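What follows is a short report on a single structure.
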Amino acid sequence: MANNLNEIPLTALKGIGAETAKAFKELGIETIYDLLWNFPYRYEDYRMRDLTEVDNGERITVFGEVLTEPTVSYYGRKKSKLSFRLSASGQVLKIDFFNQPYLKNKIELNSEVTISGKWDRNRAQITASKFHAGLKAQEENFEGVYRLKGNLRNKTILKYTKQAFEFYGNQIEEVIPQEFLQTYQLISRAEAVRILHFPKSEAELKQARRRMVYEEFLLFQMKMQFFRKIERERSGGISIDYDVHELRRYIDSLPFPLTNAQKRVVNEISGDMKSHFHMNRLLQGDVGSGKTVVASIAMFAAASSGFQSALMVPTEILAEQHADSLFELLEPFNITVGLLTSSVKGKKRRELLAMLEAGELDVLIGTHALIQDDVIFKRLGLVITDEQHRFGVNQRRFLREKGEYPDVLFMTATPIPRTLAITAFGEMDVSIIDELPAGRKEIETFWVKHEMLDRVISFMEKEIEQGRQVYVICPLIEESEKLDVQNAVDFYNILLGKWKGKYTPGLMHGRLLPVEKEELMREFNDGAIDCLVSTTVVEVGVNVPNATMMVIYDADRFGLSQLHQLRGRVGRGSHQSYCILIADPKTEVGKERMTIMTETNDGFALSERDLELRGPGDFFGKKQSGIPEFKVADMVHDYRVLELARQDAAKLIFEEDFMNEPRFTQLRNLLESLGVFSEEKLD
2 MANNLNEIPL TALKGIGAET AKAFKELGIE TIYDLLWNFP YRYEDYRMRD LTEVDNGERI
62 TVFGEVLTEP TVSYYGRKKS KLSFRLSASG QVLKIDFFNQ PYLKNKIELN SEVTISGKWD
122 RNRAQITASK FHAGLKAQEE NFEGVYRLKG NLRNKTILKY TKQAFEFYGN QIEEVIPQEF
182 LQTYQLISRA EAVRILHFPK SEAELKQARR RMVYEEFLLF QMKMQFFRKI ERERSGGISI
242 DYDVHELRRY IDSLPFPLTN AQKRVVNEIS GDMKSHFHMN RLLQGDVGSG KTVVASIAMF
302 AAASSGFQSA LMVPTEILAE QHADSLFELL EPFNITVGLL TSSVKGKKRR ELLAMLEAGE
362 LDVLIGTHAL IQDDVIFKRL GLVITDEQHR FGVNQRRFLR EKGEYPDVLF MTATPIPRTL
422 AITAFGEMDV SIIDELPAGR KEIETFWVKH EMLDRVISFM EKEIEQGRQV YVICPLIEES
482 EKLDVQNAVD FYNILLGKWK GKYTPGLMHG RLLPVEKEEL MREFNDGAID CLVSTTVVEV
542 GVNVPNATMM VIYDADRFGL SQLHQLRGRV GRGSHQSYCI LIADPKTEVG KERMTIMTET
602 NDGFALSERD LELRGPGDFF GKKQSGIPEF KVADMVHDYR VLELARQDAA KLIFEEDFMN
662 EPRFTQLRNL LESLGVFSEE KLD
């Protein structure tokens, strides 16, 4: 059983003493289980193949006759090169071994040898790494390559893994229920572990990987679905029994018709609110897709049933903008809207809180000021958090605890690929607005090189001449405030020199106090600043309809999703908007990013490409919780298996007899050992 193997120390293996155990510990390997689940990250391919089938630069293994005596030449300090000619596959090949002069005594003229190394097709040359006298046995086609640390060598890991499997392999218990093994024709767990370490063929390796990918995804999704089940069935879940006709009247009163995507999402959210289950839903919508309108419909439904709503956003400016638009939408229906930020003080604050506690306030919008102790709701039924990743888990929990298990809606304008959404937010239901309102002008995006900076500034001036405003974003070049500030300061000074009082630039950087940043954004919002140069990413959701141009300097230093977020700061008014990417990318990936940005405005398409180019770790940042480190599975390439595992996990967790049925015993035991059935994560 996995749990037992987790209790057997590595020192149980013959030959592993304190010193070797210490070396393994550096890799995080302390038990037999750790060792067996420490899979190779790649494989050396020692298959004999025809030279015509092998691409330049690939690893190749050849068998042939030594045509010339090996010669050794020395260069540098203790460096050497051993060379000879080999007849193989009907060709004469030059073979070079670096820093292995001792092979001179092992390689004899006219003898037959097997050589493995990197193939240089143009020179008919192999830079060799492995030598074997005679024909190497073909069952050893693949050799696992492990991550190494300190003095540990690959062959040491292979040796002890082989020993561990021989002694303890029969203790690896099956955890996947039989019905799934049959449905997907998966090999056993023990067999998969053996093959991943010691594969004999590519086909075999494929089967082992397929099995382990499914297992990893299933275990993770079981955890997520368990949390989801607990969330849904929490005692005290409320039913917001709104009047459908009243809600329809409100929707018909909106200044523009809902898109089909908005209608679909509204149905999902309102269905959750009406049910007795606790809503825990993530609402994803690209910049400008109309999430605020959807939120207003949910708030209307809550208010018309006698419940209060809270909307928490990361910054004061955002809170003010939301308050303005929601007041406009809800006030004609006698729904009272309040705004609470750290700027609301004294008598005004006391009056607002008194109204809230008395139930005279239906909707309260604010920053983290909402979670302070003296903020008391009479009947909180709906909690909405905008850009929820900007708040800590505790901040979100404090807000939820102000009501009796209120329904919860998280909103984000960061288009998260579906693959990531169902993994990182697997305990939530996910709604997606993947359609922009009709009539919204597409932002024109251009990629230019640094030498065109003067032309870009002329373009900026033309926009300002027409009464518009411009953003200029400079990246954080290094984790150094000095350089970070200097980069933007240089650009700001260029503008000051060129404009000489004709236009007004503003400068925002990391060293400013939050109050100073807020003030700058307010001045830009009010039109007192023509061009805002900033080192920080301008707040997601900030709405300055008069800003029509976004210039991103050294754009190749940003990820695709970040670039798209920045581009979304413009295009919010009725005028044509532009995004100019200034970059001289050195890599193919960098060039590809710039090209993709000019080709599409679809945030979800971009986020999928970003995920492929950067991987899930970089997508959220290394420290973002929720994205697990899978040993074998790859969320990007194995997303179809992820979808299947999610469906299967939901089916199992919501099955009544899962916790009692003998056929699920091994799976339950493993999940228990992973801490899945503890409710620690619920907040």
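If you count the sequence shown from 1, you need to add 1 to reach this note's numbering. Beta carbons: idealized from backbone N, C-alpha and C, even for Gly. Small disclaimer: the values here were computed from a predicted structure and weren't measured.
Which same chain residues, not among the five before or five after residue i, have their C-beta less than 7 Å away from its C-beta?
i	result
residue 189	175
residue 664	178 and 179
residue 59	120
Please classify residue i: does DSSP put it in a helix, a strand, or coil?
i	result
residue 119	strand
residue 429	coil
residue 678	coil
residue 472	strand
residue 445	strand
residue 99	strand
residue 280	coil
residue 251	helix
residue 154	coil
residue 48	coil
residue 66	strand
residue 43	strand
residue 366	strand
residue 144	strand
residue 1	Because the chain in this structure spans residues 2 to 684, residue 1 falls outside the shown range and cannot be described.
residue 341	strand
residue 504	coil
residue 740	This structure cannot speak to residue 740, because the chain is shown only from 2 to 684.
residue 295	helix
residue 169	helix
Please go through the same chain and pick out, in chain order, the residues whose beta-carbon is closer than 8 Å to the beta-carbon of residue i, but skip the five residues on each side of it.
i	result
residue 163	198 and 199
residue 252	259, 267 and 298
residue 348	none
Apart from the five residues just before and just after residue i, which ones in its own chain have a Cβ nearer than 6 Å to its Cβ?
i	result
residue 28	150
residue 301	251
residue 600	none
residue 614	590
residue 594	561
residue 578	444, 549, 571 and 572
residue 653	659
residue 126	95
residue 17	11
residue 71	83, 85, 105 and 108
residue 137	115
residue 79	none
Mind checking whether residue i and residue j have CB atoms under 7 Å apart?
i	j	result
residue 416	residue 605	yes
residue 326	residue 242	no
residue 310	residue 277	no
residue 471	residue 464	yes
residue 213	residue 545	no
residue 561	residue 611	yes
residue 99	residue 82	yes
residue 534	residue 497	no
residue 166	residue 195	yes
residue 434	residue 608	no
residue 432	residue 284	yes
residue 530	residue 554	no
residue 33	residue 6	yes
residue 492	residue 475	yes
In the DSSP output, what is residue i paired with across the bridge?
i	result
residue 1	Shown here, the chain extends from 2 to 684; a query on residue 1 therefore has no answer.
residue 34	DSSP output for residue 34 lists no bridge partner at all.
residue 82	74 and 99
residue 134	114
residue 412	284 and 387
residue 434	286
residue 60	119
residue 88	66 and 93
residue 188	Note: residue 188 sits in no beta bridge, so no partner.
Report whether the distance from the Cβ of residue i to the nearest heavy atom of the ligand NAP is below 6 Å.
i	result
residue 46	What this structure holds is no ligand at all, so the ligand NAP is not there to describe.
contact_flag[the stretch 459–472, the stretch 305–319] where n(CB pairs < 8 Å) is 3 or more
Contact between the stretch 459–472 and the stretch 305–319 is not established, with fewer than three Cβ pairs separated by less than 8 Å.
Cβ contact check for the stretch 208–222 and the stretch 633–650: 3 or more pairs under 8 Å
Taking 8 Å as the limit for Cβ pairs, the verdict is that the stretch 633–650 does touch the stretch 208–222.
Below 8 Å, can you find three or more Cβ-Cβ pairs linking the stretch 111–120 to the stretch 63–81?
Judged by Cβ distances under 8 Å, the stretch 111–120 makes contact with the stretch 63–81, as three or more pairs qualify.
Count the CB pairs spanning the stretch 545–553 and the stretch 401–409 that are closer than 8 Å, and state whether there are at least three.
With the cut-off at 8 Å, the stretch 545–553 and the stretch 401–409 do not touch.
Touching or not, the stretch 17–25 and the stretch 44–56, by the rule of three or more beta carbon pairs under 8 Å?
No, because fewer than three Cβ pairs between the stretch 17–25 and the stretch 44–56 fall closer than 8 Å, the two stretches do not touch.
Is there contact here, the stretch 430–445 with the stretch 508–527, by at least three beta-carbon pairs under 8 Å?
Contact between the stretch 430–445 and the stretch 508–527 is absent, because fewer than three Cβ pairs lie under 8 Å.
Tell me, please, whether the stretch 153–171 touches the stretch 193–213 by the rule of three or more beta-carbon pairs shorter than 8 Å.
Touching, per the Cβ criterion.
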